[in-house]
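To keep things clear, I will list the structure first and then write my remarks on it.
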Amino acid sequence: MTKGTSSFGKRHNKSHTLCRRCVNWSEKAKRRKTTGTGRTKHLKVVHRRFTNGFQIGTPKGARGPENH
């Protein structure tokens with residue numbers, strides 16, 4: 213068995229639990245860098261598409277007159 217890269221995928225359990233002091237020690241840093249602090253270019257688009265139910269294709273009127 214190697215001690216290199218193949219061993220790293222098998223590390224599931226935590227080596228120690230966080231103490232009360234260390235739980236949110238980077239709280240302000242997270243607030244600065246989290247989603248929504250920048251442009252969120254892609255997220256804005258996805259949110260708009262979600263609101264409209266992820267429509268695809270062309271709008272009904274743009275297809276021209278429908279003759280059956």
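Sequential numbering of the sequence shown, starting at 213, is according to my numbering. All residues carry an ideal CB built from backbone N, CA and C; glycine is no exception.
- Residue 226 carries a coil assignment under DSSP once its states are collapsed to helix, strand and coil.
- In the DSSP assignment, residue 266 falls outside any alpha helix (DSSP H) and carries neither an H nor an E.
- Following the DSSP letters along the chain, one finds residue 274 in no alpha helix (DSSP H), marked with neither H nor E.
- C-alpha of residue 239 to C-alpha of residue 249: approximately 14 Å in a straight line.
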